[in-house]
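For reference, each letter of the sequence shown is one residue, going -21 to -1, 1 to 1067 in mature numbering (1 follows the signal peptide of the UniProt record, and there is no 0).
Every residue gets a Cβ at the ideal spot worked out from N, C-alpha and C, and that includes glycine.
Note sheet for the following structure.
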Amino acid sequence: MDKRVTMLLATMMLSSGLAMAQTRISGTILTAEGDPVVGASVLVVGTKTGTVTDVDGHYQMSIPAGSTLRISYLGLKTKTVKAKENQTVYLEADNTTLNDVVVTALGVSRQKKALGYAVTEVKGEDLNLSRGGLSNPVNALQGKIAGLQISSGAGSMGGSAKVLIRGANSLTGNNQPLFVVDGVPIEGRDYNSSETARGAEGYDYGNLVQDINPDDIESVSVLKGAAASALYGSRASNGVVMITTKHARQHAGYGVEYSTTIGFESVTKLPKLQKQYGGGYGYAGEYAHGDEGDDFSTQTINGKTYTIPDYGMDESWGPKLDGRQVLSWYDLLKWRIGGEKGDPSTSPWSPATSDVRDFFNTGVSYTNNVAISHVYDNSAYRISYTNSSLKGYEPNSSQYKNIFNVSGNITSKDKRLNVFTTVNYFNNRTKGRQETGYGDNNIMVKFTQWGQRQLNINELKDLYIQPDGTQGSWNMGGFDDPTIQFHNNPYWSRYKNYENDNRDRVYGNAGFSYQILPQLKAQYKANLDYYSMKQYERNAVHSQEQSKYREVARTQYEINHEFMLMYNQTFHDDYSVSANLGANIMKRHYEYIYGETVGGLAIPDFYNLANSISTPHAYNYKQEKAINSVFADVTLGWKNMLYLEGTVRTDKSSALPSGNNTYTYPSVTASWLFSELLKKSLPWLNYGKLRAGYAEVGNDTDPYQVEQTFLQYTNIDPSTPGYRMQNTLNNKDLKPERTHSWEFGLEASMFDERLGFDLTYYTTTTKDEILPLSVSGTTGYIYKVVNSGEIQNHGIEFAIHGTPVKTHDFEWNASLTLASNKNKVKSLTDGVDYLRLGTAPFMVEVGASVGEGYGIIKGTDYLYDEYGHKLVDPETGLYKATADNRNIGSIYPDFTGGLVNSFRWKNFDASVQFDFSHGGHFFSTTRLWGCYTGMFEETAANGVREKGMITDGYVAATDDNGNYIKNADGSYKVATDANGQPVKNTKVVSARDYYENYYTGPAAQNVLRSDYIKLREVSIGYTFKMRPNWFVKGLRLSAYGRNLAVWGPDCKHFDPEMIVTSSGNVQGIEGGATPMVANYGFTVNVKF
């Protein structure tokens, strides 16, 4: 009995001791910078007990008392610590391996080694090297990421950026990637008109993604393939740009950061214009036109005879600028304003003493940012405010921005509950955006396409408005006719016919997470993106065109409710599982209100719709859309070497018909870190990985393409509203588009991180495209929405980085990116082999042809003989155009890339970046009319106006009726001499006839190459060393330059990037491009 009691007591004491020996602890693993380490291994030394950290770097587990923990993570140095409750451990970077933590889908930080698809991350400090030169923060990514193509234009006041990842996947839909900020999907489109996109008149209001503050960006991750973005659903079918903003550092305590930038902008490239001949159309000394007079007339005033130029002519084929005295438009107006008293002054007929470049100012911008952060025991917050003001390089242009960012979180004492929020407010006030394209108020049209080359800018500025309030223009009907013929004074366009716009935006999220178990976490958050945008456009009374006033108001909000369960576990230190299961509810509301005066303005300078002479036109449109989704992904890992990931998502879209509105799409990827097997045999190989993946992504469409809807129109009786059927036949059987994508990649890093590369091959096919195809007018419609068409992209991306020199005081780092994407339209629909995307104001259109690349330029071409020689008409001595439109160019390049070199010497640092693009074309309206009107430099170079010109080509053969003789292969016969040799053209024509053929001849003459090499960015800085006990913790001074120079075969007159006026599919049409602008400035950064 005593033995049994003794044994029972002993057992109870042993059990009590063992129970007391087990302790439940929790803690946090952070980087040296204070960022959470996701997926770090926390292992009890000497056992197989362990866990991994969650997305906030937290961990919980039960361990024997007195245990020691070994904490490890690839890319960070392993650390061994004594186990304590609620301890925070900081891991330092291990520079011998790749930095392998990137932000991926759903905002989850992942180990790069586990990813089976391409993800590239750029740090915020690398994006802000030229902070003052960025009106759109997306532009900072130019040339830094292989496969990411960014083209931007419309100057510095927030013009559109065309962003493509691995080519265009949709024939007529959106091809821009999805932009996500701190997990919040935000609207990134532009709302430019179709007229603006096709090179006609309009304003470029820019992408809405520019409402992101560069000062708040921590990092940008670009998820390129369908596998990378499958969890975001149909909107991510074109890839995802993930932007993570700055938050309070976990160990930072209290901190203040301040930066100030002063920036300057100046025009660096304008079309080159001739300076030898003035306005007119019949220069007597011109070859073959010597009998047409010299465009001068005479007028007697007070008994004196004055030479009068042709004020009404808007071309520069006039007399040579030889210095003779004339009664200029300025002299005439001055005399009339003075009451026609005395004799008018005269001016020499000479080149302008103040030319086009003098019209532009040096723009000045000021940007100030202050950020305050504080970390308490269980909470943290960061508040940032940025104010920027810009006085633009064009007269009467300005922009003001105010941006607030607030983020914070609070965690329960047991570290299980975390409540968080991020809110951004953006306010933009802009005045005087330049009109783009072929429009009445685009000053580039007036300076480079039509005009008179003797006009002085200072005189135009002095008399743009007369004392009676009417316009002063050089383009009068004549001496006795003050009526403006074609063109406003450019200063009148800038000061009287200007636009202004306002935009307010709020986006952010709020939510909480709860650690249910050490391996299981639940999270909910609500995301909001709201903006209100108003535009005001005006044409003043006394303008050349009818006065008018237009108001446009847009409002949109999108709300996403997202719930996720997240599971992370490591088994026996060899196996790992990471899984997410979630649901999303998205609702979007969009409203558009438009009003415009009719018949002109009743009262000058009173811009209100009620000031319309006739009943103003009004239009209102609303759109709503909802998508409900469920999704899941699982990643399995083995020995930190093999990883397999699978995802699946199901969307239910309100934009598709019942029965077709629910669609599911999967993805599967794998990665193998082969370097883990080669540590001993190849010690110089730090990191090596093979990856492969397959994914499907579904895509819906805009609302209201299923049932027939009615459109509002202006009735005969304006007091009675009218409605009509729309001209598109909708489709009750629409299905979602489907994108299928394969991707294979190889990554490696070697020689202690001194050299590394990333190589990717991909192929993507999109089927069941949702298209508006033309139908017979007998149906009562113009278009019909169908599921048809197939488009394919495939390409290669290559990035290499290295450190050629590295010493204690000096370091040189270099990186090169290259990408090539080939695109082909595989099919459209039965009986259709061409789809028009948009039409230029003159001569060409952009479309898609079966068997060819997407985005071809179609227009009339040269006639060619069987040898490929251009043929010249034997009678006119000029090129003859084909009777039909043909493929004369592609809007997309063959390959793009960027080269970045950065240097550090002691506390100095410098960086130089070049971008390049090869292949691709654009149609230039400015070249067309600049040559036609005798404005361009080449129209007067080398004495061509006196000597004439010879068209380069061979003489076309003709039959007895003068018709060209066509060969069986579609080419034309060339005339031959007695020896049977092709006859070279020798016919001399006048320069005016030659250059007017740019309009009357082949459109291909105005198609230019888009190839360029650009000096994108240069920066230099100095970082001061601070003592730990100083009040100022950091100080840095820097200078930058951006868009400093461009070289290319057709860059004489243009920067090929500046033709972009939209983020849509219609590209490659230049209607009146803004000039190339260089940005440069200075920045001071201070930390307290």
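Apply the 10 Å Cβ neighbour rule to residue 1063 and answer buried if 16 or more other Cβ atoms are within range, or exposed otherwise.
-> exposed
So, residue 211 versus residue 143, is the Cβ gap smaller than 8 Å?
-> For the 8 Å CB-CB criterion, residue 211 and residue 143 do not form a contact.
Closer than 6 Å by C-beta to residue 1061: which residues in its own chain qualify, once you throw out the five before and the five after it? Chain order, please.
-> 241 and 1018
Touching or not, the stretch 540 to 559 and the stretch 569 to 578, by the rule of three or more beta carbon pairs under 8 Å?
-> no
Would you identify the three-state DSSP class for residue 870, choosing helix, strand or coil?
-> DSSP, read as helix, strand or coil, puts residue 870 in coil.
Classification of residue 40 by the beta-carbon crowding that lies within 10 angstroms, buried from 16 upward | buried
Beta-carbon separation of residue 32 and residue 23 under 8 Å?
-> no
Would you kindly report the start and end of the unbroken beta strand (DSSP E) that includes residue 586?
-> Per DSSP, residue 586 lies in no beta strand (DSSP E) segment and is marked neither H nor E.
Go ahead and pull the three-state DSSP assignment for residue -8.
-> For residue -8, the pLDDT reaches just 40, beneath the cut-off of 50, and the residue's location in the model is therefore unreliable, although a value from the coordinates is still provided. In the three-state scheme derived from DSSP, where H, G and I count as helix and E and B as strand, residue -8 is classed as helix.
Should residue 453 be labelled buried (16 or more other beta-carbon atoms within 10 Å of its own) or exposed?
-> buried
Counting along the chain, where does the alpha helix (DSSP H) carrying residue 423 start and finish?
-> 422 to 427
Would you please state the rounded distance, in angstroms, between the beta carbons of residue 213 and residue 630? I believe it to be under 8 Å.
-> 6 Å
Exposed unless 16 or more other CB atoms sit within 10 angstroms - verdict on residue 938 = exposed
For residue 329 versus residue 302, is the C-beta spacing smaller than 8 Å?
-> Taking 8 Å as the cut-off, the Cβ atoms of residue 329 and residue 302 count as close.
Keeping to the same chain, check which residues put their C-beta closer than 8 Å to that of residue 462; ignore five residues upstream and five downstream.
-> Around residue 462: 455 and 456.
Drop a sphere of 10 angstroms on the beta-carbon of residue 960, count the other beta-carbons inside from all chains shown, and report buried for 16 or more, exposed for fewer.
-> The C-beta of residue 960 has fewer than 16 other C-beta atoms within 10 Å across all chains shown, which makes the residue exposed.
Which runs of the beta strand (DSSP E), 3 residues or longer, sit entirely within the stretch 878 to 952?
-> 887 to 897 and 900 to 903
With DSSP collapsed to three states, give me the class of residue 475.
-> coil
For residue 10, the first and last residue of its enclosing beta strand (DSSP E) | For residue 10, the enclosing beta strand (DSSP E) stretches over residues 1 to 10.
Can you give me the Cβ contacts of residue 609 inside the same chain, cut-off strictly under 6 Å, excluding the 5 residues immediately before and after it?
-> 562 and 629
My understanding is that residue 216 touches residue 83, with C-beta atoms under 8 Å, so please give their C-beta distance in whole angstroms.
-> With a Cβ gap of about 17 Å, residue 216 and residue 83 do not count as contacting.
State buried or exposed for residue 1049, treating a residue as buried only when at least 16 other CB atoms are found within 10 Å of its CB.
-> Looking at its Cβ environment, which holds 16 or more other Cβ atoms inside 10 Å, residue 1049 is buried.
Segments assigned alpha helix (DSSP H), at least 4 residues, entirely inside the stretch 777 to 823 | none
Under the three-state DSSP convention, the category residue 723 falls into | strand
Ends of the beta strand (DSSP E) at residue 359?
-> 358 to 370
Check whether the stretch 1024 to 1038 touches the stretch 980 to 997, taking contact to mean three or more Cβ pairs, one atom from each stretch, closer than 8 Å.
-> yes
Do you know how far the Cα of residue 983 is from the Cα of residue 838?
-> 7 Å
Length at least 3, wholly inside the stretch 364 to 417: the beta strand (DSSP E) runs in chain order | 377 to 390 and 396 to 410
Rounded straight-line distance, which links the Cα of residue 420 to that of residue 441 | 18 Å
With DSSP collapsed to three states, give me the class of residue 1041.
-> coil
Would you give the residue range spanned by the beta strand (DSSP E) that residue 563 belongs to?
-> The continuous beta strand (DSSP E) containing residue 563 extends over residues 554 to 580.
Which partner residues of residue 841 appear in the DSSP bridge assignment?
-> 860
Residue range of the unbroken alpha helix (DSSP H) whose run includes residue 737 | No alpha helix (DSSP H) contains residue 737, which is instead part of the beta strand (DSSP E) from 734 to 746.
Do residue 911 and residue 841 have their C-beta atoms within less than 8 Å of each other?
-> no
Quick one: residues in its chain with C-beta nearer than 7 Å to the C-beta of residue 277, no 5 flanking neighbours on either side, listed in chain order?
-> 284, 285, 286 and 287
Residue 346 (DSSP reduced to helix, strand or coil) = The answer is strand: DSSP assigns residue 346 an E or B state.
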